[in-house]
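Chains as they are written, first to last, in the numbering used here: chain A, 379 to 784; chain E, 167 to 550.
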């Protein structure tokens, strides 16, 4: 505790010191802000819109923390165009109309320069019309189903093909897998993901999907599914179960004797955050395909993990989405500096081509379609809740509207 | 004159109604920017449900924890119409099947399902907003009340109904939009409902309809039929033995409340711009009951004000204290239920002030929130 306090205090002192010197350094406000955003000579106000309460709070907390960390670091290093970032936090409360209300408040009343926020597809769909109508900018951190592209959104997570195709290729090659059993929660992301997975398995790999099932969100009984799996004996279980269902799913698999030692299971919905709830012992030997794992070995990630733990405690864990959340403020800073302006239109135009060599996941680059080029990694879960990274792809081009997979 | 006397039994009632109309029609539009006014409009659309709950719960003693279902059905009818208008073949040219709503395309639905077809007509939609919730309420109500299912059991069944509908919508996302709901609604007969001008007009539209529904509610309460409702609540057997068809009376009130909720849902969609199953499940249905309880389940104006106050409090607290607001809301609810069992409206129109209520509460510990709870003052008129 003491150590954390000291570091926060040091950070605060550094922030103040740089704020004092940076104030005069930036270009005049009239030239960098022509559309009336909340930018003064020494501050710029941004919004943060996640669920701090309700069922999604447990998932979104990591993103909130990572975005705050990035903003603190940017402020300590002198801010953006010589301006310190001030944050207005709003709580979407896991409720989609509330998300829309708060997004509008941030854009219309507070005139924030940008918003970092949302987690579920439903919350993004609820705020998207607001961002497009009020011409705001949203940095969205979650891996998602694709089929969307907007001038007013930067997607810092993977769209579906980036997370699925290379992972299935790897497991098919590595395990000589021919038969797959697809299982997911019943909403747009798992449905779209499984559609893409099925087409890839059937058309490209010439394999066979022996079962495909979707369970209502929050569903906790997987007994009949487990019986079917035992009957069909698929080479691979391919899973996209989310939220509370995740815990029941893996615990019931473990109780039925389906463990990593006997059965290959690849999931696209388990990160370090979920492992906390499920328990490493229930997942040992199963695989996840993500773009980031906390255990990644590179200098960027070493610094990131150390800074995160210093701020939020040694026992905190970092999942894929948390890392993607951390990229948001840095990508925005880069875009503002490249554009030389806080204007939304100029940021949107400047964003394609921006590179981040300091990203914890290694290196990312923004595509003209506002998604990131990223790598796919396969991690195998260990007892301690961390993943051992077994495979890393080349950089994959984002393709939110994949031809032949729709 | 007689109509006025039926609508407002006392001067106090007339004054409170006029003050409320003055507040929403004049004070708020002058004091608030359009963005905030639009939020008030959203809160007021819950008011339609609250008026229904006053009739149903406050006056007839039927606690329904599934009013979100009817609110949702009305909202979905409206959203389907708006979505079809927003999905013309030109704007959806990027899809594999242009001209159908985007979420259908994502779910490999290649033709517009039959039950969507009639929602191309605004007139059909305007009717469906009332008829669909009303019909479902009638069927469920008739089936339940004829078998004399009431009290807690009825509340549980309405909860189940809310769960079934939200699961059904979740599970059929190709036809309903699933968990994401129906989003990105734009125009009503070519009129951009997202513009400030439209939101301003829609607000007044919502206010006037709400005031009309309030008057309807007051009318029902203050006629002889309203007396019968109270009698059904307080002495069901006696009413039945007097020859009234209790089941039919209850079904009728349940249906009326559902139709009011449906209208509220439609106005919600017009003002908020989307509809999703998160608005019709168990939790939002219970929230609607809380709004009415805070304002006062016996008073039409009180219950509507409850919706306004609770939601304004929610917005204000959550903007000022993003980390603490839930505790503040929870504290407020507990305080209201403990000290003002008849809701905030109970503060007015009765001789005893809040202080007296507090003492009374401490000495009696009377149950207050369940539909069956009866206070002596409410029984007296019947015994006269």
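Yeah, the Cβ is synthetic: ideal placement off N, Cα and C, and Gly gets one too. Quick caveat, the model's predicted, so the values are computed rather than measured.
Chain-order list of chain E residues neighbouring residue 446 of chain A: empty, with the shortest C-beta distance near 13 Å, by a criterion of under 9 Å.
Here DSSP, grouped into helix, strand and coil, assigns residue 578 of chain A to helix. As the crow flies, the alpha-carbon of residue 437 of chain E is around 14 Å from that of residue 375 of chain E. Using a Cβ-Cβ cut-off of 8 Å, residue 488 of chain E is close to 430, 467, 468 and 469 of chain A, given in chain order. Less than 9 Å separates the beta-carbon of residue 587 of chain A from that of residue 560 of chain A. For residue 590 of chain A, no alpha helix (DSSP H) run applies; the uninterrupted beta strand (DSSP E) run containing it begins and ends at 586–593, by DSSP. DSSP, read as helix, strand or coil, puts residue 336 of chain E in helix. Annotation: Cβ neighbours of residue 339 of chain E in chain A (cutoff 9 Å, chain order): 564, 565, 566 and 569.
In this structure residue 335 of chain E is buried. Its beta-carbon is surrounded by 16 or more other beta-carbon atoms within 10 angstroms. At least 9 Å separates the CB of residue 384 of chain E from every CB of chain A. Residue 653 of chain A carries a helical assignment under DSSP once its states are collapsed to helix, strand and coil. A direct Cα-Cα distance of roughly 11 Å separates residue 666 of chain A from residue 764 of chain A. Between residue 780 of chain A and chain E, the shortest Cβ-Cβ separation is not below 9 Å. Proximity of residue 208 of chain E to chain A, defined by a Cβ-Cβ separation below 9 Å, is satisfied. When C-alpha distances from residue 323 of chain E are compared across E/333, E/332 and E/310, the shortest belongs to E/310. Residue 445 of chain A and residue 491 of chain E have their C-alpha atoms some 22 Å from each other. In its chain, beyond the 5 residues on either side, 248, 251, 252 and 359 have a beta carbon closer than 8 Å to the beta carbon of residue 353 of chain E. Per DSSP, reduced to three states, the secondary structure at residue 750 of chain A is strand. Contact of residue 388 of chain E with chain A by beta-carbon distance below 9 Å is absent, the smallest such distance being about 34 Å. Taking one beta carbon from each stretch, the stretch 698–718 of chain A and the stretch 501–520 of chain A have 3 or more pairs nearer than 8 Å; the two touch. The beta carbon of residue 560 of chain A sits no closer than 9 Å to any beta carbon of chain E.
Going by DSSP, residue 611 of chain A is part of no alpha helix (DSSP H) at all; its letter is neither H nor E. Per DSSP, the unbroken alpha helix (DSSP H) holding residue 424 of chain E starts and ends at 412–438.
Cβ contact annotation for residue 712 of chain A (same chain, cutoff 6 Å, sequence separation greater than five): 732, in chain order. Taking a cut-off of 8 Å on C-beta distances, the stretch 420–437 of chain E does not touch the stretch 185–193 of chain E, as fewer than three cross pairs fall below it. Put simply, the stretch 455–463 of chain E does not touch the stretch 483–499 of chain A. Fewer than three CB pairs are less than 8 Å apart. A residue is called buried when at least 16 other Cβ atoms come within 10 angstroms of its Cβ; residue 214 of chain E meets this threshold and is buried. Counting other Cβ atoms within 10 Å of its Cβ, residue 327 of chain E reaches 16 or more and is therefore classed as buried. Listed along the chain, the chain A residues whose CB falls inside 8 Å of the CB of residue 349 of chain E are 503, 504, 506 and 507. With a threshold of 9 Å between beta carbons, residue 450 of chain A makes no contact with chain E. Taking the C-beta atoms as reference points, residue 549 of chain A is found no nearer than 9 Å to residue 774 of chain A. The continuous alpha helix (DSSP H) containing residue 292 of chain E extends over residues 288–312.
With contacts defined by Cβ atoms closer than 9 Å, residue 172 of chain E and residue 388 of chain E form a contacting pair. Our two residues, residue 484 of chain A and residue 514 of chain A, have alpha carbons roughly 9 Å apart in a direct line. If the five residues before and after residue 195 of chain E are omitted, its C-beta is found closer than 8 Å to the C-beta atoms of 203, 366, 369 and 370, all from its own chain and listed in chain order. DSSP places residue 744 of chain A in the uninterrupted beta strand (DSSP E) bounded by 742–744.
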